[in-house]
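Under the working numbering, the residues of the first sequence are numbered 311 to 600, in order. Every residue gets a Cβ at the ideal spot worked out from N, C-alpha and C, and that includes glycine. Taking it in order: structure first as structure tokens, then the write-up.
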Amino acid sequence: MPELPEVETVRRGLAPALVGTRLVSVDQRRPDLRFPFPENFVQRLTGRRVDALSRRAKYLLADLDDAQVLVMHLGMSGSFRIEDETPPGNFHYLKAKNAAHDHVAFGLSTGKRIIYNDPRRFGFMQIIARAELSAHPLFRNVGLEPLGNEFDGAALARLFAGKAAPLKAALLDQTLIAGLGNIYVCEALHRAGLSPRRAAGSLVRKNGSPTDHADLLAKVIREVLEEAVEAGGSSLRDHRQTNGALGYFQHCFRVYDREGAPCPREGCGGVIKRIVQSGRSSFFCGTCQK
DNA sequence: CTGTGTTCCTGTTCGC
DNA sequence: TGCGAACAGGAACACA
């Protein structure tokens with residue numbers, strides 16, 4: 311499911327069950343997801359206590375009691391669910407929807423189990439020493455947190471200065487801003503009244519300061535992400551929170567997956583269009599997004 | 001260095 | 001109803 315709001319929703323769902331408990335068993339059911347699991351994955355995790363669960367960009371970070379960090383990325387289709395007790399390995403369980411894509415099961419000292427499911431297997435897990443995290447290739451080039459204190463129009467201007475790439479591509483670039491994905495980029499650009507095709511550098515003045523559009527864009531990015539986190543993320547298809555509940559931000563989409571619908575902006579009268587930019591769908595209103 | 005296209009994988013939806 | 005094509009929340013990688 312995972313853009314920043316969905317990953318944050320997962321973090322909030324997992325933390326109460328996971329933090330403070332020990333991993334008494336780790337059931338790794340295949341050698342790889344997008345990448346191979348790290349060497350001795352099961353042995354390195356079994357017996358460890360989880361001291362904290364945080365998020366950086368679209369990564370979940372479980373701090374372990376041996377100064378290592380279990381890094382988890384959900385890819386396109388990854389999800390976690392919590393089960394209160396070990397289900398019997400019987401016919402009914404095995405026939406359960408999607409059980410074929412349950413790739414990892416963490417048994418906790420509380421008796422609960424946390425199961426990672428990922429049909430497309432674009433997700434991955436890694437174990438990294440905490441001290442090496444920020445220098446690690448996965449994180450060395452990760453961009454600004456859009457909900458962080460430093461994120462504003464001036465920061466956007468610094469990131470976008472001189473960029474000819476379209477706003478859509480620049481906002482999806484995780485080395486610039488970390489956590490936005492296709493949905494929330496589309497939504498933020500509509501709220502800001504900016505075309506996804508517009509050059510990112512056009513939001514920067516010659517002296518490097520932000521235009522009013524840059525200030526507005528930074529503001530609506532923060533807004534749309536905060537609203538989505540508040541709503542428990544977006545549930546497309548059958549994606550669910552860790553407790554099985556559906557997020558409901560998808561009902562708040564103004565443009566994403568709404569090709570042909572009237573533009574929701576008051577008095578605009580335009581129609582939502584779909585175009586493809588660098589292989590991904592962009593939904594926007596050609597009338598009010600310039 | 002910058003920007004764009006391809007690729008990994010499975011499941012769902014849509015048009016015929 | 002069946003069947004192939006298009007498409008899906010990400011991002012590493014190859015290449016111009």
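With a floor of 3 residues, list each beta strand (DSSP E) that falls wholly inside the segment 416-482, ordered by position along the chain. 423-427, 434-439
I need the straight-line Cα distance from residue 524 to residue 314, nearest angstrom please. 21 Å
Assigned secondary structure, residue 598 (DSSP; H/G/I helix, E/B strand, else coil): coil
Since residue 488 and residue 530 are thought to touch, with beta carbons under 8 Å apart, how far apart are those beta carbons, to the nearest angstrom? About 18 Å separates the two Cβ atoms, so there is no contact after all.
Check whether residue 580 and residue 598 have beta carbons under 8 Å apart: yes
Whole-angstrom distance between residue 462 and residue 528, CA atom to CA atom: 5 Å
So what does DSSP say about residue 593, is it helix, strand or coil? strand
CB residue 355 to CB residue 363, shorter than 8 Å? no
Is it right to say residue 378 is buried, meaning 16 or more other beta carbons lie within 10 angstroms of its own, or is it exposed? buried
Kindly indicate which residue of 352, 593, 466, 358 has the alpha-carbon position closest to the one of residue 329. 358
Does the ligand ZN have a heavy atom nearer than 7 Å to the CB of residue 587? As presented, the structure is devoid of all ligands, the ligand ZN included, so that no description of it is given.
Could you tell me which whole alpha helix (DSSP H) segments of length 4 or greater appear in the segment 540-577? none
Starting from residue 337, follow its DSSP beta bridges and name the residues at the other end. 415
Using the rule of at least 16 other Cβ atoms within 10 Å of the residue's Cβ for burial, across every protein chain shown, is residue 308 buried or exposed? There is simply no residue 308 to check, as the chain begins at 311 and stops at 600 in what is shown.
For residue 516, the three-state DSSP class (helix, strand or coil): coil
Quick one: measure Cβ to Cβ for residue 520 and residue 466, integer angstroms, because I've assumed they're closer than 8 Å. 6 Å
Let me check understanding here. Comparing Cα to Cα, which of 583, 492, 367 lies closest to residue 568? 583
What residue range does the alpha helix (DSSP H) around residue 353 cover? 351-355
Is it true that the segment 572-579 meets the segment 473-488, where meeting means three or more beta-carbon pairs spaced less than 8 Å apart? no
Please report the residue range of the beta strand (DSSP E) in which residue 370 lies. 369-374
Does the segment 434-449 come into contact with the segment 495-514, if we say contact requires no fewer than three beta-carbon pairs (one atom in each stretch) closer than 8 Å? no
Residues near residue 393 in its chain [Cβ-Cβ closer than 7 Å; skip 5 each side]: 422, 423, 425
By the 10 Å Cβ neighbour count, where 16 or more other Cβ atoms means buried, how is residue 561 classified, buried or exposed? exposed
For residue 317 versus residue 338, is the C-beta distance shorter than 8 Å? no
Compare the Cα-Cα distances from residue 302 to each of 349, 327, 592 and report the closest residue. Because the chain is modelled from 311 through 600, residue 302 falls outside the range shown and cannot be assessed.
On a CA-only basis, which of 460, 491, 319 is nearest residue 478? Give me that one, please. 491
For residue 449 and residue 390, the rounded distance between their alpha carbons: 22 Å
CB residue 319 to CB residue 518, shorter than 8 Å? no
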